[in-house]
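Protein chains in written order, with the working numbering: chain F, 82 to 744; chain V, 846 to 1143.
The beta-carbon is built from N, C-alpha and C at its ideal position, and this holds for glycine as well.
Please read all numbers here as calculations on a predicted model, not as lab measurements.
What follows is one structure encoded as structure tokens, with my remarks underneath.
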Amino acid sequence: MPDLLLEIGVEEIPDWMIEPALESLDSNLAPVMEKLGGGQAWTDATPRRLVYRSRYTLDKEPDEDTLVQGPSLGAGEKAAAGFARKMGVAVTELSPMDTGKGLYFSVRRQTIGLPARELLAAALPAAIAGVQFPKTMHWAAKDGIRFIRPIRWVLALLDDEIVPFEIGGVASGDWTYGHRVLGGKGPIHITIGEYYPMLRENYVVVRASDRESRIRAGLGEGVRPDPELLKTLVYLTEFPTAIRGSFDPQYLALPAEILSTVMRHHQRYFTVETPAGTLSPEFVTVTNTDGDEDGLIRKGNERVLRARFNDARFFWRVDQQKKLSARVEDLAKVTFQAKLGSYKEKAERVQQLAVQIATRVHADENVVSIAALLSKCDLTTEMVKEFTELQGIVGGLYAREQGEGEAVAMAIYDHYKPVSMEDSIPRSLEGQVVALADKIDTLRECFRVGLIPTGSKDPFALRRAAQGMVKILAEAKLPVDLFSFVGSNEELLQFLHERIAHYLREVKGFPYDEVNAVTAAKAGVLPDVLDRLIALHDVRSTPNFEPLAASFKRIENILKQAEVGDTGLVKPELLAPGPEQDLYHSFLRVRNEMTKGGSYSAKLTSIASLRPQVDLFFDKILVNDPDAAIRRNRLALLAGLLTEFSTIADFSEIVTQGGNAQN
Amino acid sequence: MDSYQETVFKLKRYWADRGCIVQEPYDLELGAGTMAPETFLRVLGEKPYKAAYVQPSRRPADGRYGENPNRLYKHQQLQVILKPAPADVIEQYLGSLEAIGIDLVKHDIKLEEDNWESPTLGAWGVGWQVMLDGLEITQFTYFQQCGGIDLEVVPAEITYGLERIVAFLQDVESVYDIEWAPGFKYSDVRLADEQQFSIYNFEMADVQRLWRLFDEHEGECKELLARFRKASDQSRFPILAAYDQVLKCSHLFNLLDARGAISVTERVAVIARVRKLATAVAAAWVRQQNPAAEKEVA
């Protein structure tokens, strides 16, 4: 089987871009491999190389026969001669072909398939240059190739012979390079079979999974699992080695959040915990070396960490000299967004809104008010200027230290939550209220000045804000109407409807038509939306439900076509005995049952019980009676059914067998 | 153990041996070595250039009254600009670390993504921060744009943080304990500036006067640019003097910022004022360097 090995040697690629780049390379090359009969392909990577390996079926592209269509047979000899000349054949070589729309002159053409090496030599440069990266650069001249970082070598072997091509001023060859420091100096010429062992000898572990195993094996006891950091380190190293260091336990007096952030985010260290689960004065760094014989690397990292911790301790001390409550004025100098003024203005708006929400959900208004006003004050602290990812958390820690009370501290601490769909919502009701108010304000203000997410662009993370808001309302079961706080901006309302539907579908996993049915009825009170959705989902599988939903759709269509506008109330005296009166009485019975309360699923079951009467009505009764008064009365009955029984869910949104709902 | 100055000598020697012009610092207040005309203007156009210089870099807001062992109002950068970037530029850089006594086999070196952008200069590039045993010692950037102009030839910029590197080499916890020259510590040489300028920058600088100075330097720059456009002989016109005015404005902006004198609404606008000057000067410089190209376009 023909065997291809491609290694693109690149200066250090940002770790987070590597896996997507491999996917992109693989998909760029898939059509080429398809031409060669298909086969197997693998990718691998280190920070300095993207590797593509393939074994496929054919050693050349198959020849291809095609029929080229010319003028119509009726076009005459002159046209035929012209076509033959253009195709470089004699007129006698033309044959008639039936296109289904008539007979045409045609000529048979054979394209000779390229040998694999030639095909690859032609296709590889574009496949490489076409790898997608979030940000690219030039390195030679501005009209040259763009890539994530400069390409410095390209190893391209087909059955151990070079596939010749050039990209970005680099000619392909049969050599690779080892680890920058530990590997042999200069190029290493190899065959495909030698690739992995030769690189291993030169301190490059090519497979990400092997590097991951090396790191895991070296972590040792008590290391807190940190999958994200692990992946980063896998793609930051070619020869990873874990080294454990320690720090003076006196630094444990600083909050664990700050210590962890310094270690994990700034130094990319794993943190270590004691058997009791508290932070242990140790760390594990993953180096791109073969050990640390003299302990120099450990010592160096310990020294850096000490300096970082000293900074943090210094910031903590300096920051306590001015309380959060004294920093509200300073927020006037911190931009929220160029078009939207300062964080002081934002904090004041959030405070007002948070108190409004608090009264509706019976949260402690005093706590909410203080927490909201102080929530952004940590942006002026040295600690947050240095560790921006700790915004909110630092505010919470400082509020506690400064005696603002545990409730206020916790609300500030949590108010950016949830930062993702996986993250939890704020722990306390007051925290939930402040978080909601903060997010609603951001959405309202950004939409007001036209900063609206488009496509994949969402620089102010408004989707995340909206999603967080929905998640809080749903999970904390806050019985307030989301739409009562967001104003009347049509685009924002539309955006929020989409986010609610997204949450119900993607996070909660309900079918889209059930989500549409429930949100079409009423979408703003999330716990209620969820209750109705669960009830609908349960009742849906009962035998009466889907036929009834189909009938509701029919009713909707009839009313739409009738174009009568307001049908008025049903006049019982005009109802004919039999199916028409039966339906009316059932309608009254069910409506009566609905007013008595009970669960949504009981109500829906009750509505579904109307099915036989509705079916019989449609079976026996002609709505469009010649008598206008009777017609109007029948429409009124149907309209009554629709409006009275669509408050839980709009059944016409349900996709039933044999019919599709309109979206 | 090498003194601070010995390490600087070795780095300069190393880059001189690789064809760099070893320059002295630019003699105005700069926030970074990038702002020196040796970098900002020389990276424009097609002419190859290689230079290395130490640039004392003033960042008023970073001052800590000499009390923080790692943070300085004015730190020293060794700036190397290689235009065009040679294919083995990273190997050359690693060689410079060996030249100052770092045994790379015994230490951990990583290149971690760090892109650089200066909104005031209309400049950006991509590159890395170089980490040595967890310590950021160098910023490495492939410039892509400068003064709002896409670069014809991509240079590599290597910026060494000298205090950090030397503190590492000398194994001291505070920059002030670095031995600058035999018998003299960093604190002997620089502590007084840190203390005094922190006081000036944060407490005493006269805000009204700084604004007036900003306006004056901006006015001078605009005036020069206007005259350049009308000049019959542009080849000898003092674009370099116009650029000095940009540097003055940039430093005054930093001072006003440290002083807390720039409000939310003003901030973006003031950055835009400086960038407007910087990009106009860059365009004028390109035209002056290459009048032929300008005619072709016209």
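Residue span of the beta strand (DSSP E) that contains residue i, given as start and end
| i | result |
| --- | --- |
| V:Phe988 | 980-991 |
| V:Trp961 | 961-963 |
| V:Pro901 | 894-903 |
| F:Ser153 | 145-153 |
| F:Arg325 | 322-327 |
| F:Trp97 | Premise fails: F:Trp97 is in no beta strand (DSSP E) and is neither H nor E. |
| F:Pro362 | 360-368 |
| V:Gln868 | 866-868 |
| V:Glu1002 | 1001-1006 |
Distance between residue j and residue i (C-alpha atoms, nearest Å)
| i | j | result |
| --- | --- | --- |
| V:Glu1068 | V:Arg1120 | 16 Å |
| F:Leu691 | F:Asp731 | 16 Å |
| F:Met279 | V:Ile945 | 32 Å |
| F:Leu561 | F:Ala516 | Contrary to the premise, residue 561 of chain F reads as Val rather than Leu in this sequence. For F:Val561 and F:Ala516, the distance between alpha carbons rounds to 15 Å. |
| F:Val530 | F:Arg345 | 37 Å |
| F:Arg292 | V:Lys892 | 44 Å |
| F:Glu383 | V:Asp1102 | 34 Å |
| F:Val172 | F:Ala161 | 7 Å |
| F:Thr686 | F:Thr600 | 19 Å |
| F:Asp375 | V:Ser902 | 35 Å |
| F:Leu201 | F:Val244 | 7 Å |
| F:Leu455 | F:Glu482 | 14 Å |
| V:Leu949 | V:Glu936 | 12 Å |
| F:Gly422 | F:Ser501 | 26 Å |
| V:Ile1044 | F:Lys425 | 27 Å |
Own chain, CB closer than 7 Å to residue i, minus 5 neighbours either side, in chain order
| i | result |
| --- | --- |
| V:Val1142 | A caution first: V:Val1142 carries a pLDDT of 46, below 50, which makes its placement in the model unreliable, though a value can still be read off. Result list for V:Val1142: empty, nothing under 7 Å. |
| F:Ile226 | Ala210, Ile248, Gly249 |
| V:Thr1124 | Gly967, Gly992, Gly993 |
| V:Trp1130 | Leu886, Leu889, Ile1084 |
| V:Ala1012 | Val1020, Ile1023 |
| F:Lys652 | Asn714 |
| F:Tyr593 | Arg586 |
| V:Lys857 | Val867, Ala897 |
Contacts around residue i, its chain only, beta-carbon distance under 6 Å, and the 5 residues preceding and following it disregarded
| i | result |
| --- | --- |
| V:Phe1082 | Phe1073, Ala1076 |
| F:Pro231 | Glu92, Trp220 |
| F:Gln743 | Low local confidence applies: a pLDDT of 38 at F:Gln743 is under 50, so the model's placement there is unreliable, and no value is given. |
Exposure label - residue i; buried when at least 16 CB within 10 Å
| i | result |
| --- | --- |
| F:Trp220 | buried |
| F:Thr355 | exposed |
| F:Glu247 | exposed |
| F:Pro336 | buried |
| F:Gln642 | exposed |
| F:Lys538 | exposed |
| F:Asn741 | No answer about F:Asn741 holds up, because its pLDDT of 43 lies below 50 and its placement is not dependable. |
| F:Leu87 | buried |
| F:Arg715 | buried |
| F:Asn705 | exposed |
| F:Ala753 | Outside the displayed range of chain F (82 to 744) lies residue 753 of chain F, so it cannot be described from this structure. |
| F:Val286 | buried |
| V:Gln922 | buried |
| F:Trp123 | exposed |
| F:Arg398 | exposed |
| V:Asn913 | buried |
Anticipated Cβ contact below 8 Å, residue i with residue j, distance rounded
| i | j | result |
| --- | --- | --- |
| F:Met464 | F:Asp400 | 6 Å |
| F:Glu316 | F:Asp96 | Here residue 316 of chain F turns out to be Tyr, not Glu, going by the sequence shown. Contact holds; Cβ gap of about 4 Å. |
| F:Thr728 | F:Glu627 | So it is not a contact: roughly 20 Å between Cβ atoms. |
| F:Ile296 | F:Met98 | That pair is no contact at about 20 Å. |
| F:Ile324 | F:Ile378 | 6 Å |
| V:Val1052 | V:Ala1106 | 4 Å |
Continuous alpha helix (DSSP H) stretch holding residue i: start and end
| i | result |
| --- | --- |
| F:Val695 | 692-701 |
| F:His618 | 607-621 |
| F:Phe186 | Premise fails: F:Phe186 lies in the beta strand (DSSP E), 184-192, not in any alpha helix (DSSP H). |
| F:Ile273 | Neither: F:Ile273 is in no alpha helix (DSSP H) and is coded neither H nor E. |
| F:Phe528 | 510-529 |
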